[in-house]
Each structure stands twice: as structure tokens, then as C-alpha cells.
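**Q** Going by our numbering, the sequence shown opens with residue 83, and the numbers climb by one from there. Before I ask anything, here is the structure I am working with.
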Amino acid sequence: MLLTHLSLTHFRNYAALELDLPSGMTLLQGENAQGKTNLLEAVYFLATSRSVHAQQEREVVDWGADAEPIPYSRVAGTIHAGMDVQRPLELEILLTPRGDGVNFKKQVRINGVNKRAMDLVGQLRAVLFLPEDIVLVTGSPGERRRYLDIALCQIDRTYCRTLSAYQKIVTQRNSLLKQLREEGAAPQASSTSARLDFWDEKLIGHGSAVIARRHNFITELCVVAARRQQELSDSREALLLQYAPSFNPGSMAERVYGRIKEGEFVAADEIAPTLEAVQVAALYQAHLRRRRERELAAGNTLYGPHRDDMRLFANERDLRAFGSRGQQRTAALALKLAEMQVMTKATGSAPVLLLDDVMSELDARRRATLLQALNHAEQVILTTTDWEDFTPEFRRQAQCFTVLRGSVTPVNNG
């Protein structure tokens with residue numbers, strides 16, 4: 083999968099940009115605040131329909147767009163999937179103001195046909211690493227859930243639809259729980275059960291599928307991320323990922339941790355057997371029944387994948403609580419490299435890998451290890467403030483550009 087052309091209009095600090103992108107390595111150099119990260123964000127936005135930094139869609143619209151009759155922002159790209167270069171896929175996201183002029187609505191088109199944002203996800207797949215991605219280790223459980231959901235939605239549309247349905251069910255169930263609390267409903271009353279059982283069944287059906295898929299994805303990630311962590315740490319650190327659900331349908335077995343620590347290859351099914359949704363459902367149902375009184379008192383859904391977490395360990399120490407900043411950053415990078423490999427295996431084509439200023443906080447050995455890992459990618463876009471972060475040989479092989487005030491100019495770095 084290749085992104086061969088990127089087109090931006092009024093996106094961040096890009097008034098207009100038409101950029102052809104090659105396969106292999108693309109290196110963008112520029113000082114801070116010139117637009118390097120914005121370009122990576124545009125590619126990621128096209129892949130996931132989500133902004134990396136913006137809390138509201140309006141934030142990605144260039145202020146120069148106010149001079150237009152109707153302010154707007156547009157991100158579009160041409161995708162070549164596999165070897166079929168004769169049938170490019172045109173993806174487009176258009177942001178235009180709603181009636182209030184403050185909030186913006188998102189329009190998605192695929193080959194000129196209006197689609198839902200959900201239909202866009204997975205057409206172009208991308209893995210993005212930013213300096214602030216250390217929050218995948220240090221941040222809240224919500225950061226890690228968001229990471230898992232975006233990665234999974236790019237490779238599994240069924241998961242994406244199931245997750246969306248689950249989130250709507252949680253909203254409906256929360257409304258009912260709040261109403262029952264206000265009414266002073268008794269947990270054991272038949273009328274309470276009659277009203278809650280309907281939503282419990284829906285919650286369990288969709289939530290169990292989400293939990294099982296996350297569990298199996300994390301198991302695959304663990305196998306690859308452990309190897310990447312060893313490579314990046316010169317075999318000094320053994321990384322383990324563990325799914326931490328809000329109730330316990332069977333977490334990843336730690337019995338193989340010693341083998342990971344010794345650098346032995348471990349297959350995914352040795353870490354934990356594949357988990358089926360039906361296995362989770364029975365446990366989930368029993369847990370909800372035991373905790374019904376607590377949920378009624380809270381007026382909220384307290385258990386399910388919207389409360390789950392993923393824990394990261396290095397040498398048996400919880401990285402969030404006890405890891406050094408270097409260990410945490412290395413683990414976040416190992417996780418992203420593992421995501422790329424798992425995504426490639428799942429879909430048959432490598433995602434576009436987007437790395438923002440990744441070299442600045444790595445020592446020479448880690449830089450060399452990372453560049454070696456990038457050889458397996460079909461398309462990589464990297465940013466840097468300093469050409470010297472990359473070897474002359476790498477710069478000769480890469481397509482190099484300078485970025486200055488929202489303009490991108492090719493340079494000869496031979």
C-alpha cells in the first residue's frame with residue numbers, strides 16, 4: 083500500500099500543497115513550527131479520519147481559509163494498493179462549517195462518492211509515532227484504549243462497527259441506570275431486572291467481541307514488541323504486554339515471561355490461547371449480575387471494554403510506575419514497530435509508517451537498530467530538524483525535502 087500523492091488545502095499552516103510521494107524513505111527536514119508534523123498529521127487524518135492533536139475539527143482549518151466565501155479544509159490522497167497500479171483510490175476529507183459557523187462537519191469521499199467516516203478507515207493504513215507517544219506508557223488507560231481502537235479499526239472493519247455499536251449501548255444503558263438510581267429502584271426487583279436485562283444482553287454481546295479482539299491483538303503485539311524491545315535495548319530489556327480488563331476473562335499468561343526475557347522466540351498461542359467472544363460473554367454476564375447493585379448506586383456502567391487497560395512491563399517492572407523515561411520511550415517505539423508488523427501480517431500490505439523527530443532522543447546504537455527495522459517497510463515518512471541525525475548513506479537513498487513555512491521543497495542530499 084502506497085500513498086503516491088497528497089493534496090492539502092487550508093490544512094494547518096498549508097494554504098495549498100500538492101506533493102508526490104515515493105515508495106521507500108521520505109525525509110522532511112525543517113526547523114520547529116514549519117509544518118513537518120502537520121504533514122504527518124494530514125496523512126494520519128486521511129487514514130483514520132481523526133486528528134492527532136486537535137480537540138475540535140475547527141483547529142485543523144488554516145486561518146487563511148476565512149478569506150474564502152465558505153471557510154473549509156481539504157485533505158486528499160491517491161492510494162495504490164498492492165500491485166494494481168492502474169486503479170488508484172482517491173480519498174478525500176472535507177471540513178466545512180455547520181450552521182452556527184463555529185463547529186465544522188466532516189465530509190468523506192472515496193473516488194468522488196460520499197461515504198461515512200467509518201468507510202474511510204482502513205482504505206489507507208498508517209502507523210504514526212510522535213515524541214509525545216510516551217503517553218502510551220505513562221498516560222491514562224484511555225490513551226491506551228484509543229491506541230488499540232485506532233489500530234484495530236484500520237485492520238478489522240467488523241471490530242470498528244462492533245465498537246461503535248458498543249459505545250452507543252453504553253450511553254443508552256447509562257441513561258437507564260441513572261434513571262433507575264433516581265427512582266430508587268431495588269437491584270433484586272423483577273421490574274429492575276426486566277428493564278436492565280435487555281441492555282445487559284446487548285452490552286455483553288458487543289462488549290465480549292471487543293474484549294476478545296483486543297486480547298488477541300495484544301497477544302500478537304506482545305510477541306513482536308518483545309523482540310523489538312530487545313533489539314532497541316541491546317537485549318537488556320524484556321517487554322511484556324498484558325491486557326487488563328475491568329473484569330477478568332482470562333489475562334495473558336505470564337508463565338512464558340522467562341522465555342521472553344531470555345530472548346527466545348515465543349509464538350502468540352504460547353502466551354495466551356485465542357480468546358473467543360463466547361468465552362468472555364458468560365463471565366461478563368455473571369460479573370454484571372454480581373455487581374448490579376454497585377452499578378445502580380453509581381448510575382453508570384462500571385464494567386466493560388470502555389474501562390479496560392493495557393499494561394506494559396520491562397524486566398517484570400510496571401513501566402508506567404517504575405520505568406525510566408528511556409525505557410518508556412523505547413517501549414512506545416517498540417509498540418509502534420510491532421503494530422506495523424502485525425498490521426502487515428493481518429492485511430497483506432504494509433502501512434505507511436510516519437515517524438516524527440524520532441531520532442533526536444535515541445542514541446547512535448538505537449538509531450542504527452531503528453533504521454535497520456525500517457528496511458521492512460514499504461513507505462516511511464520521517465521528520466527531523468537536523469540532517470546530521472541521519473547518515474549520509476541514508477540521505478542518499480531517501481527522497482529528501484525541506485519544509486519552510488508550509489512549503490515543501492525537494493533537495494539533493496547526495
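Cβ atoms here follow ideal geometry from the backbone N, Cα and C, with glycine treated the same way.
Could you check what DSSP says for R487 in three-state terms: helix, strand or coil?
**A** Of the three classes helix, strand and coil, the one that applies to R487 here is coil, per DSSP.
**Q** What's the C-alpha gap between L419 and L176?
**A** For L419 and L176, the distance between alpha carbons rounds to 30 Å.
**Q** Distance, Cα to Cα, A364 vs A294?
**A** So the two alpha carbons sit approximately 13 Å from each other.
**Q** Under 8 Å by Cβ, that's how I've got A163 and M107 pegged, so tell me the actual separation to the nearest angstrom.
**A** That belief does not hold up - the Cβ atoms of A163 and M107 are roughly 20 Å apart, past 8 Å.
**Q** Looking at C-alpha atoms only, which residue of L109, G381, R156, R310 is the closest neighbour of Q423?
**A** Looking at the Cα atoms, R310 is the closest of the given residues.
**Q** On the premise that A414 lies in contact with V252, defined as a C-beta separation below 8 Å, what is that separation, rounded to the nearest angstrom?
**A** Not confirmed; about 28 Å, so no contact.
**Q** Please list, in chain order, all residues of the same chain as R374 whose beta carbon is under 6 Å from its beta carbon, the five residues on each side excluded.
**A** Taken in chain order, the residues that qualify are P269.
**Q** Quick check on DSSP: helix, strand or coil for Y385?
**A** Note: Y385 maps to coil in three-state DSSP.
**Q** Are there 16 or more other CB atoms within 10 angstroms of the CB of V490, so buried, or fewer, so exposed?
**A** It is buried - the Cβ of V490 has at least 16 other Cβ atoms within 10 Å.
**Q** Taking all protein chains shown into account, do 16 or more other C-beta atoms lie within 10 angstroms of the C-beta of P433, making it buried, or fewer, making it exposed?
**A** Flag for P433 reads buried.
**Q** Is the Cβ of P153 closer than 8 Å to any Cβ of chain D?
**A** Note that chain D does not occur in the displayed structure, where there is just one protein chain.
**Q** In whole angstroms, what is the alpha-carbon distance linking K260 and G381?
**A** The straight-line gap from Cα to Cα measures roughly 4 Å.
**Q** Within 7 Å: the Cβ of R449 and any heavy atom of the ligand SAM?
**A** Because no ligand of any kind appears in the structure shown, any question about the ligand SAM cannot be addressed here.
**Q** Which same chain residues, not among the five before or five after V143, have their C-beta less than 8 Å away from its C-beta?
**A** Here the set comprises H92, F93, P153, Y154, S155, L177, F186.
**Q** Return the residue from the list L322, A199, N120 that minimises the CA-CA distance to D438.
**A** Minimum Cα distance to D438 is reached at N120.
**Q** If you drop the 5 nearest sequence neighbours on each side, which residues of the same chain put their C-beta closer than 6 Å to that of I232?
**A** Excluding residues within five positions, the ones whose Cβ falls inside 6 Å are T130.
**Q** Taking the alpha helix (DSSP H) that L103 belongs to, which residues open and close that run?
**A** That residue, L103, is in no alpha helix (DSSP H); it is neither H nor E in DSSP.
**Q** Within the same chain, show all residues whose beta-carbon is closer than 7 Å to that of A97, passing over the 5 residues directly before and after it, in chain order.
**A** Here the set comprises D144, G146, G488.
**Q** Below 8 Å between beta carbons: does that hold for H87 and G204?
**A** Not closer than 8 Å, so no.
**Q** State the beta-bridge partners of Y325 as determined by DSSP.
**A** M392, per the DSSP bridge assignment.
**Q** Using the three-state DSSP reduction, which class does E113 fall into: helix, strand or coil?
**A** Of the three classes helix, strand and coil, the one that applies to E113 here is coil, per DSSP.
**Q** Which first and last residues belong to the alpha helix (DSSP H) in which G287 is found?
**A** Looking at the DSSP string, the run of the alpha helix (DSSP H) that includes G287 is 272-314.
**Q** Measure the C-alpha to C-alpha separation of H44 and V125 and round it to an integer number of angstroms.
**A** Lying outside 83 to 496, the shown extent of the chain, residue 44 is not represented and no answer is given.
**Q** For V493, count the other beta carbons within 10 Å of its own beta carbon; 16 or more makes it buried, fewer makes it exposed. Which is it?
**A** By the neighbour-count rule (16 or more Cβ atoms within 10 Å), V493 is not buried but exposed.
**Q** If L245 and N298 are in contact, beta carbons under 8 Å, what's the gap, nearest whole angstrom?
**A** Rounded, the Cβ-Cβ distance is 15 Å, inconsistent with contact.
**Q** Measuring alpha carbon to alpha carbon, tell me which of F476, L128, S133, L435 ends up nearest A459.
**A** It is L435 whose Cα lies nearest to the Cα of A459.
**Q** Give me, in chain order, the residues of the same chain whose beta-carbon lies closer than 6 Å to that of R337; leave out the 5 immediate sequence neighbours on both sides.
**A** Here the model assigns R337 a pLDDT of 38, short of 50, so the residue's position is not dependable, and the following value carries that caveat. Closer than 6 Å at the Cβ level, and outside the excluded window around R337, lies no residue.
**Q** Is the separation between the beta-carbon of T383 and that of G112 shorter than 8 Å?
**A** No. Outside cutoff.
**Q** Which of the three DSSP states, helix, strand or coil, is assigned to V252?
**A** It is helical.
**Q** Could you tell me whether the stretch 301-321 touches the stretch 404-413, where touching means 3 or more Cβ pairs closer than 8 Å?
**A** Contact between the stretch 301-321 and the stretch 404-413 is present, because at least three Cβ pairs lie under 8 Å.
**Q** What residue does the beta strand (DSSP E) around V195 start on, and which one ends it?
**A** Start and end: 195-197.
**Q** At the level of alpha carbons, what is the spacing between L258 and L285?
**A** Their Cα atoms are separated by approximately 13 Å.
**Q** If you scan the stretch 117-177 from start to end, which runs of the alpha helix (DSSP H) of 4 or more residues do you find wholly inside it?
**A** Here the runs fully enclosed are 118-130.
**Q** Which of helix, strand or coil does DSSP assign to Q205?
**A** Three-state DSSP puts Q205 in coil, outside helix and strand.
**Q** Please report the straight-line C-alpha distance between F476 and N196, rounded to a whole angstrom.
**A** Their Cα atoms are separated by approximately 41 Å.
**Q** Note down, in chain order, each residue of its chain lying with its Cβ closer than 8 Å to the Cβ of S431, except the 5 sequence neighbours on either side.
**A** Closer than 8 Å at the Cβ level, and outside the excluded window around S431, lie M83, A163, G164, R207, E460.
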